[in-house]
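Asks: Just so you know, the protein sequences line up as chains A and B, in that order.
To convert, count from 1 in the first sequence and add 613; that's my numbering.
To convert, count from 1 in the second sequence and add 188; that's my numbering.
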Amino acid sequence: MVPLNYYLFLSAVLFAIGAAGVVIRRNLIVVLMSIELMLNAVNLTFVAFARALGSMEAQVIVFFVMTVAAAEAVVGLAIILSIFRHRQTLDPQEMLQLRW
Amino acid sequence: MILFFILACLSVAFSLAVVFQRNPVHSAMALVATLFLVAVLFLTLDAPMVGFLQILVYAGAIMILFLFVIMLLNPGVLERRRVFWWGLGSMGALLLVFELAALFSDVSPEDGRVSAVAEGFGSPEMLGRTLFRDFVLPFEIASVLLLVAIVGAVVLAKREE
Numbered sequence: 614m615v616p617l618n619y620y621l622f623l624s625a626v627l628f629a630i631g632a633a634g635v636v637i638r639r640n641l642i643v644v645l646m647s648i649e650l651m652l653n654a655v656n657l658t659f660v661a662f663a664r665a666l667g668s669m670e671a672q673v674i675v676f677f678v679m680t681v682a683a684a685e686a687v688v689g690l691a692i693i694l695s696i697f698r699h700r701q702t703l704d705p706q707e708m709l710q711l712r713w
Numbered sequence: 189m190i191l192f193f194i195l196a197c198l199s200v201a202f203s204l205a206v207v208f209q210r211n212p213v214h215s216a217m218a219l220v221a222t223l224f225l226v227a228v229l230f231l232t233l234d235a236p237m238v239g240f241l242q243i244l245v246y247a248g249a250i251m252i253l254f255l256f257v258i259m260l261l262n263p264g265v266l267e268r269r270r271v272f273w274w275g276l277g278s279m280g281a282l283l284l285v286f287e288l289a290a291l292f293s294d295v296s297p298e299d300g301r302v303s304a305v306a307e308g309f310g311s312p313e314m315l316g317r318t319l320f321r322d323f324v325l326p327f328e329i330a331s332v333l334l335l336v337a338i339v340g341a342v343v344l345a346k347r348e349e
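1. If we cut at 9 angstroms on Cβ distances, does residue 711 of chain A have a partner in chain B?
2. Using 8 angstroms as the cut-off, can you tell me whether the region 307-315 of chain B makes contact with the region 668-683 of chain A, which would need three or more C-beta pairs spanning the two stretches below that distance?
3. Output, in chain order, the set of chain B residues within a Cβ distance shorter than 8 angstroms of residue 615 of chain A.
4. Are the region 659-669 of chain A and the region 229-239 of chain B touching by the rule of at least three beta carbon pairs closer than 8 angstroms?
5. Rounded to whole angstroms, how far is the Cβ of residue 679 of chain A from the Cβ of residue 246 of chain B, which I believe are closer than 8 angstroms?
6. Helix, strand or coil for residue 310 of chain B, going by three-state DSSP, please let me know.
7. Just reading off the alpha helix (DSSP H) that residue 672 of chain A is part of, what are its end residues?
8. What span of residues does the alpha helix (DSSP H) with residue 280 of chain B cover, start to end?
9. Could you tell me whether the region 200-211 of chain B touches the region 622-637 of chain A, where touching means 3 or more Cβ pairs closer than 8 angstroms?
10. Please name the residue, chosen from B/317, B/283, B/224, that lies closest to residue 251 of chain B on a Cα-to-Cα basis.
11. Check the Cβ-Cβ distances between residue 306 of chain B and every residue of chain A, and say whether any is below 9 angstroms.
12. Are residue 623 of chain A and residue 303 of chain B close, meaning C-beta to C-beta below 9 angstroms?
13. For the alpha helix (DSSP H) that residue 332 of chain B lies in, which residues bound it at each end?
14. Whole angstroms are fine: how far does the CA of residue 694 of chain A sit from the CA of residue 614 of chain A?
15. Over what stretch of residues does the alpha helix (DSSP H) that includes residue 207 of chain B continue unbroken?
16. Taking residue 679 of chain A as the query, report the chain B residues whose CB atoms sit under 8 angstroms from its CB, ordered along the chain.
17. What is the residue span of the alpha helix (DSSP H) that residue 259 of chain B lies within?
18. Would you mind giving the Cβ-Cβ distance between residue 692 of chain A and residue 344 of chain B, rounded to the nearest angstrom? I have them listed as a contact below 8 angstroms.
19. Using a beta-carbon distance below 9 angstroms, is residue 323 of chain B in contact with chain A?
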């Protein structure tokens, strides 16, 4: 059987790649996709611990994380859609109205 | 063990493609592949229900939504590469990997672990039992959250008169 640490390390790598995507990319849709990647890496950690400890609770938490991710994606994409209608851009660096 | 390494390498490769592809449609397809591979990893961890939910909800529903929005808002110009942000993001990601690896190296392979799980672990029945016995209130809150998201999305995306 694969040791727990391997799964944890894999999810750390996936999480870091997602975090790098949020910083690097200048396209709001891809930023949102990177956030989904980070949430998925956390789900992998939860499932690995559920298997290691033999308890179902962590898998139920994964279920809730998926629910929140779906809600976040829907609202985020709706916000992106309405921003694009007003500004014709997807670059977060050009959205400066709220910057002091 | 070999299966794990194949899946791990492929999922890291596809998730790098999500970040490095300049075309958002290619990023989305790479993300679908990553989600599928993680779902297979869930299956190897005795979580079949979560794995299939991942394919249905994530790779199915959410990614279709993403693709719809990408097709709807095609800006036509590829984004420019910004060297400063690339350097910063890569350095930050490397630091994060080392930090998390150091944290996880404290997890000893033995404490509190079980080598074999109960019959039907991760099945829809077990998941449903745990969900509706111990997590009824969070379940109801999640349903309200989804309702709020539906209303919010309709209001936000509606064309202003």
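Glycine residues also receive a C-beta, built at the ideal position from the N, C-alpha and C atoms.
Replies: The answer reads as follows:
1. Walking along the first sequence from the start, residue 711 of chain A turns up at place 98. No, residue 711 of chain A lies away from the interface with chain B (no Cβ there is under 9 angstroms from its Cβ).
2. yes
3. Position 2 of the first sequence, counting from 1, holds the residue named residue 615 of chain A. Those within 8 angstroms of residue 615 of chain A in chain B are 189, 192, 232.
4. yes
5. Taking the first sequence and counting its residues from 1, the one referred to as residue 679 of chain A is at position 66. Taking the second sequence and counting its residues from 1, the one referred to as residue 246 of chain B is at position 58. Confirmed, Cβ separation roughly 7 angstroms.
6. Indexing the second sequence from 1 puts residue 310 of chain B at position 122. Note: residue 310 of chain B maps to coil in three-state DSSP.
7. Here residue 672 of chain A is taken as the residue at index 59 of the first sequence, counted from 1. 670-700 is the extent of the alpha helix (DSSP H) around residue 672 of chain A.
8. To locate residue 280 of chain B, count along the second sequence from 1; it is residue 92. Unbroken alpha helix (DSSP H) run through residue 280 of chain B: 271-292.
9. yes
10. As a working note, residue 251 of chain B is residue 63 in the second sequence. The option with the nearest alpha carbon to residue 251 of chain B is B/224.
11. Here residue 306 of chain B corresponds to residue number 118 of the second sequence, with the count starting at 1. Closer than 9 angstroms: yes.
12. Within the first sequence, residue 623 of chain A is the residue found at index 10, counting from 1. Within the second sequence, residue 303 of chain B is the residue found at index 115, counting from 1. The answer is no: Cβ separation not under 9 angstroms.
13. The residue given as residue 332 of chain B occupies position 144 in the second sequence. Counting along the chain, the alpha helix (DSSP H) containing residue 332 of chain B begins and ends at 324-345.
14. For the purposes of this step, residue 614 of chain A is taken as the residue at position 1 of the first sequence. For the purposes of this step, residue 694 of chain A is taken as the residue at position 81 of the first sequence. Roughly 46 angstroms between the two C-alpha positions.
15. Residue mapping note: residue 207 of chain B aligns to position 19 of the second sequence, counting from 1. Element bounds for residue 207 of chain B: 190-208.
16. Along the first sequence, read from residue 1 onward, the residue named residue 679 of chain A stands at position 66. In chain order: 241, 242, 245, 246.
17. Reading the second sequence from its first residue, position 71 is the one you call residue 259 of chain B. From DSSP, the alpha helix (DSSP H) with residue 259 of chain B extends over 251-260.
18. If you number the first sequence from 1, residue 692 of chain A lands on position 79. If you number the second sequence from 1, residue 344 of chain B lands on position 156. Contact holds; Cβ gap of about 6 angstroms.
19. Stepping through the second sequence from its first residue, residue 323 of chain B is reached at position 135. So, interface residue.
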